[in-house]
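>
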Amino acid sequence: MSTANLLYTDTEDALRDTVRRLFADRCKFRAVVTLYDADADFTGVWKTLAVELGLAGLLVPESLGGAGASTREAAVVMEEIGRAVAPVPFLSSAVLATVALLKTGETQALRSLAGGSTTGALTIPLSKPPGAYAATVRVGASGLTGRVSSVADANTADVLVVPVVGPDGLELHTVARAAAGMKVTPALSLDMTRPIADVEFSAVASTRVDNGAAEDAVAEALLCGAVLLASEQVGVAQWCLETTLGYVKRRKQFGRAVGSFQALKHRLADLWLEVSSAGATARYAADTYARGDAETPIAAAVAQAYCSDVAVHAAEECIQQHGGIGMTWEYPAHLYLKRAKSDQLALGTAYHHRARLAELIDLPTSP
Amino acid sequence: MFSEPGAGSDLASLATRAVRDGDDWIVNGQKVWTSGAQNAQMAILVARTDPTVPKHAGLTYFLCDMTDPGVEVRPLRQITGEAEFNEVFLTDVRVPDANRLGAEGQGWHVALTTLNNERVAIGSGVPSAMIDKVVAAWRAQPELRNPAMLDELVRLWVESEATRLTGERLRQQLASGQPGPEGSAMKLALARLTQAISGLEMQLHGEGGLRYDDWTLRRPEIVDFIGRGPGYRYLRAKGNSIEGGTSEILRNVIAERVLGLPPEHRVDKDIAWKDLPR
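Residue numbers (the working numbering), protein chains in the order written: chain A, 1 to 367; chain B, 1 to 278.
1. Give me the Cα-Cα distance between Ala37 of chain B and Thr67 of chain B, rounded to the nearest whole angstrom.
2. Going by C-alpha distance, which of B:Arg100, B:Gly81, B:Gln195 and B:Leu115 is nearest Pro127 of chain B?
3. Quick one: grab the DSSP three-state call for Thr118 of chain A.
4. Whose Cβ in chain B lies nearer than 9 angstroms to the Cβ of Ala230 of chain A?
5. DSSP three-state label for Gly225 of chain A, please.
6. Under 9 angstroms, CB to CB, which of the residues in the region 349–362 of chain A have a partner in chain B?
7. Near Val53 of chain B, what residues of its chain come up, given a Cβ to Cβ distance below 8 angstroms and the 5 sequence neighbours on each side ignored?
8. At a CB distance below 9 angstroms, what residues from the region 146–157 of chain B approach chain A? Give them in sequence order.
9. Tell me, which residues are paired with Gly146 of chain A by DSSP?
10. Does the beta-carbon of Pro130 of chain A have 16 or more other beta-carbons within 10 angstroms, so that it is buried, or is it exposed?
11. Quick check: Ala226 of chain A and Val161 of chain A, are their CB atoms within less than 8 angstroms of each other?
12. So Ala286 of chain A packs on Arg20 of chain A, CB below 8 angstroms; how close in whole Å?
13. Since I believe Ala311 of chain A is in contact with Val236 of chain A (beta carbons under 8 angstroms), could you give me their beta-carbon distance rounded to a whole number of angstroms?
14. Does the separation of the CB atoms of His322 of chain A and Ala333 of chain A fall below 8 angstroms?
15. If you check the beta carbons only, do Leu170 of chain A and Ala135 of chain A fall under 8 angstroms apart?
16. Mind checking which residues open and close the beta strand (DSSP E) that includes Pro75 of chain B?
17. Mapping the DSSP letters down to three states, classify Leu165 of chain B as helix, strand or coil.
18. Whose Cβ in chain A lies nearer than 9 angstroms to the Cβ of Ser190 of chain B?
19. I'd like to check one pair, Leu363 of chain A with Leu153 of chain B: are the Cβ atoms closer than 8 angstroms?
20. Does the beta carbon of Ala129 of chain B sit closer than 8 angstroms to a beta carbon anywhere in chain A?
21. What residue range is occupied by the uninterrupted beta strand (DSSP E) comprising Cys64 of chain B?
22. Count the other CB atoms within 10 Å of the CB of Gln344 of chain A; is the residue buried (16 or more) or exposed (fewer)?
23. Express the C-alpha separation of Gly255 of chain A and Ile222 of chain B in angstroms, rounding to a whole number.
24. Among A:Glu330, A:Lys249 and A:Leu110, which one has its Cα closest to the Cα of Val60 of chain A?
25. Across which residues does DSSP place Gly166 of chain A in a beta bridge pair?
26. Candidates B:Arg145, B:Ile131 and B:Asn146: which alpha carbon is nearest Arg155 of chain B's?
27. Among A:His173, A:Lys338 and A:Phe261, which one has its Cα closest to the Cα of Gly105 of chain A?
28. Have a look at the DSSP bridge pairing and note the partners of Pro186 of chain A.
29. Is DSSP giving Ser63 of chain A helix, strand or coil here?
30. Is Arg177 of chain A closer than 8 angstroms to Ala157 of chain A when the C-beta atoms are compared?
31. Does the distance from the C-beta atom of Ala301 of chain A to that of His266 of chain A stay below 8 angstroms?
32. Taking Tyr331 of chain A as the reference, give the member of A:Phe29, A:Asp17, A:Phe23 and A:Tyr8 with the closest Cα.
33. So, for Ala305 of chain A: in the same chain, excluding its five sequence neighbours on each side, which residues have a beta-carbon less than 7 angstroms away from its beta-carbon?
34. Using the three-state DSSP reduction, which class does Lys269 of chain B fall into: helix, strand or coil?
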């Protein structure tokens with residue numbers, strides 16, 4: 001545990017600057033908020049991120065067309081996605097779908113995901129925590145049949161990576177979203193910047209890709225997703241804290257800046273410490289995963305148990321300390337509350353992660 | 001010798017007087033929360049040398065001979081039964097001017113350096129060590145387990161780990177020459193955690209929590225959080241949010257120095273100390 005590097009390298013800082021500039025330029029609040037009223041299209045931003053900057057393949061080895069980087073770099077991208085509530089399918093495609101394929105040894109679909117020419121989604125409900133997954137899609141003579149609800153970014157994915165119940169246990173298949181018998185129905189999402197969709201399979205032709213490693217592949221994808229989601233939550237929380245600080249220094253009531261009142265100052269001091277500690281747990285999880293450390297499941301559970309609640313706390317304080325303007329559609333705070341609350345439910349709540357942690361650190365439940 | 005009965009969080013308002021007498025100073029006053037005074041030959045002392053200027057400007061820093069007949073040390077018993085600290089009564093204590101540290105009126109600046117060292121001295125690993133005690137009891141004594149308590153226990157385990165990692169990152173930042181501002185805040189997290197963990201530990205032990213290990217008036221040199229029982233941990237942890245800067249003062253410090261929020265109104269800052277209401 002003492003070998004973990006909790007800081008950022010110069011390369012990681014440079015990556016952050018690049019991604020932050022891209023989002024500052026092309027994920028402005030005025031544009032992002034239109035996702036809630038219309039079919040706004042951010043494909044161009046994703047293509048820039050995925051192809052031009054080459055970040056879709058961050059977690060993929062260079063031999064398979066990727067950048068050969070690790071969760072340390074991917075975590076930096078996730079922090080910036082959180083800061084901008086950027087509507088890009090990095091988590092669903094470059095993390096969940098990509099890591100699942102990587103673990104199976106599949107290379108064809110993986111290469112095209114890594115290069116950014118296609119986008120993928122792992123067809124699992126976004127709320128599913130790491131751990132054993134009971135698939136709801138079956139494979140028969142006529143192909144795949146079944147339904148999976150609340151899949152993140154399924155509506156814009158080109159290829160779906162589908163956990164399937166096979167005759168001998170879990171299998172992993174790839175399916176073109178546009179294949180015959182597929183029906184993808186977008187849902188109205190609490191967080192429209194990471195939209196969910198319900199996916200139905202009716203005798204859909206598929207390619208089995210798991211090489212017998214489907215369970216490990218799904219588990220690995222969810223674990224990696226949990227590790228990286230913590231960094232997104234840190235990014236959300238940092239934006240909320242910084243924006244709130246800026247506001248309470250400017251906003252005057254009773255003839256003084258509202259940030260001069262201890263009722264707010266003390267809560268902001270506590271929140272700052274929480275956000276700072278969240279950053280340490282997320283960084284630890286990203287570094288631990290990158291080193292292939294056996295402690296990774298514990299580090300991931302700690303980061304999720306801590307960061308998901310901190311992000312929600314920061315977003316809720318952001319709304320409250322802004323007062324009336326925090327409740328308005330035209331102020332960006334609501335995008336962060338919606339992302340923070342959805343992220344809290346994504347890949348398992350803090351309650352799930354604490355329950356898992358109790359098992360991992362040997363705290364038996366029963367008397 | 002810093003704190004006084006009338007000067008705690010507002011240390012700069014302290015009233016112990018040092019009056020010049022030839023090559024010496026004559027000191028009169030009362031100090032409190034003085035650690036090690038019962039064994040000390042010398043003590044550091046902040047006293048008021050000029051009551052006619054605002055509070056921060058009239059203080060001077062001295063080294064005081066604790067064997068002077070005017071020094072009376074009494075143990076200050078705490079809610080734990082022990083006495084880590086003392087009250088010190090100073091009656092016409094003679095301090096040579098050669099024992100002055102820094103210039104006359106510069107005592108506040110010298111004292112701040114000492115206080116900053118005190119704040120940094122509290123370790124980020126203490127909550128982890130305390131939660132390990134609770135975890136060990138949970139594992140070893142199945143009869144104590146209550147399913148409703150498990151989530152709270154794991155929550156505190158997670159927070160202890162987060163605090164440990166924050167401390168570890170702080171060390172890495174220092175080592176790489178980019179110190180972070182978290183140092184001022186670690187004590188805040190520590191106090192909240194030691195109190196929450198020890199409070200849960202008492203409830204976990206149930207009947208055992210009704211007992212206490214030792215009420216005798218001991219004079220410990222260090223705080224033995226881990227060697228003592230749950231009742232001691234619970235009571236002693238109450239001091240963590242008071243000693244070395246209360247958590248409320250620390251929140252002000254973080255808000256103002258780290259976050260750049262407006263400072264508290266200081267109605268006394270331009271008034272001569274002797275004219276302050278008290």
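Every residue, glycine too, gets a C-beta built ideally from N, C-alpha and C.
Taking the geometry as given:
1. Residue numbering aside, residue 37 of chain B sits at position 37 when the second sequence is read from its first letter. Residue numbering aside, residue 67 of chain B sits at position 67 when the second sequence is read from its first letter. In a straight line, the C-alpha of Ala37 of chain B is about 10 angstroms away from that of Thr67 of chain B.
2. As a first step, residue 127 of chain B must be located in the second sequence, where it is residue number 127. Among B:Arg100, B:Gly81, B:Gln195 and B:Leu115, the Cα nearest to that of Pro127 of chain B belongs to B:Gln195.
3. In the first sequence, residue 118 of chain A corresponds to position 118, counting from 1. Reduced to three states, the DSSP call for Thr118 of chain A is coil.
4. Within the first sequence, numbered from 1, the residue matching residue 230 of chain A stands at position 230. Near Ala230 of chain A there are no residues of chain B at all, since even the closest Cβ is about 11 angstroms away, more than 9 angstroms.
5. Taking the first residue of the first sequence as 1, we reach residue 225 of chain A at position 225. DSSP, reduced to helix, strand and coil, places Gly225 of chain A within a helical segment of the structure shown.
6. Listed in sequence order: Ala350, Tyr351, His353, Arg354, Ala355, Leu357, Ala358, Ile361 and Asp362.
7. Locating residue 53 of chain B in the second sequence gives position 53, where the first residue counts as 1. Excluding its 5 nearest sequence neighbours in each direction, Val53 of chain B has C-beta neighbours in its own chain below 8 angstroms: Gly105, Ala272 and Trp273, listed in chain order.
8. Asn146, Pro147, Leu150, Asp151, Leu153, Val154, Arg155 and Trp157: these are the residues of the region 146–157 of chain B whose beta carbon lies less than 9 angstroms from some beta carbon of chain A, given in chain order.
9. Taking the first sequence and counting its residues from 1, the one referred to as residue 146 of chain A is at position 146. In the DSSP assignment, Gly146 of chain A is bridged to A:Val137 and A:Phe201.
10. Reading the first sequence from its first residue, position 130 is the one you call residue 130 of chain A. Buried.
11. In the first sequence, the residue the question calls residue 226 of chain A occupies position 226. In the first sequence, the residue the question calls residue 161 of chain A occupies position 161. No, Cβ-Cβ distance for Ala226 of chain A and Val161 of chain A is not below 8 angstroms.
12. Residue numbering aside, residue 286 of chain A sits at position 286 when the first sequence is read from its first letter. Residue numbering aside, residue 20 of chain A sits at position 20 when the first sequence is read from its first letter. About 18 angstroms; that fails the 8 angstroms criterion.
13. Working through the first sequence from its first residue, we reach residue 236 of chain A at position 236. Working through the first sequence from its first residue, we reach residue 311 of chain A at position 311. Val236 of chain A to Ala311 of chain A, Cβ: 5 angstroms. Contact.
14. Here residue 322 of chain A is taken as the residue at index 322 of the first sequence, counted from 1. Here residue 333 of chain A is taken as the residue at index 333 of the first sequence, counted from 1. Yes, they are a contact pair.
15. What you label residue 170 of chain A is simply residue 170 of the first sequence in a count that begins at 1. What you label residue 135 of chain A is simply residue 135 of the first sequence in a count that begins at 1. Yes.
16. Start at 1 with the first residue of the second sequence, and residue 75 of chain B comes out as number 75. Taken as a continuous stretch (DSSP letters only), the beta strand (DSSP E) holding Pro75 of chain B covers Val71 to Leu76.
17. Counting from one through the second sequence, the residue named residue 165 of chain B turns up at place 165. If DSSP states are grouped into helix, strand and coil, Leu165 of chain B belongs with the helices.
18. Reading the second sequence from its first residue, position 190 is the one you call residue 190 of chain B. What sits at residue 190 of chain B in the sequence shown is Leu, not Ser. Against Leu190 of chain B, chain A offers no close residue; the least beta-carbon distance is about 11 angstroms (beta-carbon pairs closer than 9 angstroms).
19. By 1-based counting over the second sequence, the position of residue 153 of chain B is 153. By 1-based counting over the first sequence, the position of residue 363 of chain A is 363. The answer is yes: Cβ separation under 8 angstroms.
20. Along the second sequence, read from residue 1 onward, the residue named residue 129 of chain B stands at position 129. Ala129 of chain B does not count as touching chain A.
21. Taking the second sequence and counting its residues from 1, one reaches residue 64 of chain B at position 64. From DSSP, the beta strand (DSSP E) with Cys64 of chain B extends over Leu59 to Asp65.
22. Taking the first sequence and counting its residues from 1, the one referred to as residue 344 of chain A is at position 344. Taking every protein chain shown into account, the CB of Gln344 of chain A has 16 or more other CB atoms within 10 angstroms, so this residue is buried.
23. Here residue 222 of chain B refers to the residue found at position 222 when the second sequence is read from its first residue. Here residue 255 of chain A refers to the residue found at position 255 when the first sequence is read from its first residue. Separation of Ile222 of chain B and Gly255 of chain A (C-alpha to C-alpha, rounded to the nearest whole angstrom) is 48 angstroms.
24. The sequence position of residue 60 of chain A within the first sequence is 60, counting from 1. Selection A:Glu330, A:Lys249 and A:Leu110 evaluated against Val60 of chain A yields A:Leu110 as nearest (Cα-Cα).
25. What you label residue 166 of chain A is simply residue 166 of the first sequence in a count that begins at 1. Gly166 of chain A has A:Gly169 as its beta-bridge partners, per DSSP.
26. By one-based count along the second sequence, residue 155 of chain B stands at place 155. Measuring from the Cα of Arg155 of chain B, the nearest candidate turns out to be B:Ile131.
27. Counting from 1 along the first sequence, the entry for residue 105 of chain A is found at position 105. For Gly105 of chain A, the closest alpha carbon among the candidates A:His173, A:Lys338 and A:Phe261 is that of A:His173.
28. For the purposes of this step, residue 186 of chain A is taken as the residue at position 186 of the first sequence. By DSSP's assignment, Pro186 of chain A forms a beta bridge with A:Ala197.
29. In the first sequence, counting from the first residue as 1, residue 63 of chain A sits at position 63. The DSSP-derived three-state label of Ser63 of chain A is helix.
30. Here residue 157 of chain A is taken as the residue at index 157 of the first sequence, counted from 1. Here residue 177 of chain A is taken as the residue at index 177 of the first sequence, counted from 1. Taking a C-beta distance under 8 angstroms as the contact criterion, Ala157 of chain A and Arg177 of chain A qualify as a contact pair.
31. For the purposes of this step, residue 301 of chain A is taken as the residue at position 301 of the first sequence. For the purposes of this step, residue 266 of chain A is taken as the residue at position 266 of the first sequence. No, these two residues do not count as a Cβ contact at 8 angstroms.
32. Walking along the first sequence from the start, residue 331 of chain A turns up at place 331. Measuring from the Cα of Tyr331 of chain A, the nearest candidate turns out to be A:Phe29.
33. Residue numbering aside, residue 305 of chain A sits at position 305 when the first sequence is read from its first letter. Excluding positions up to five away in sequence, the list reads Ala350, His353, Arg354 and Leu357.
34. Within the second sequence, residue 269 of chain B is the residue found at index 269, counting from 1. It is coil, neither helix nor strand.
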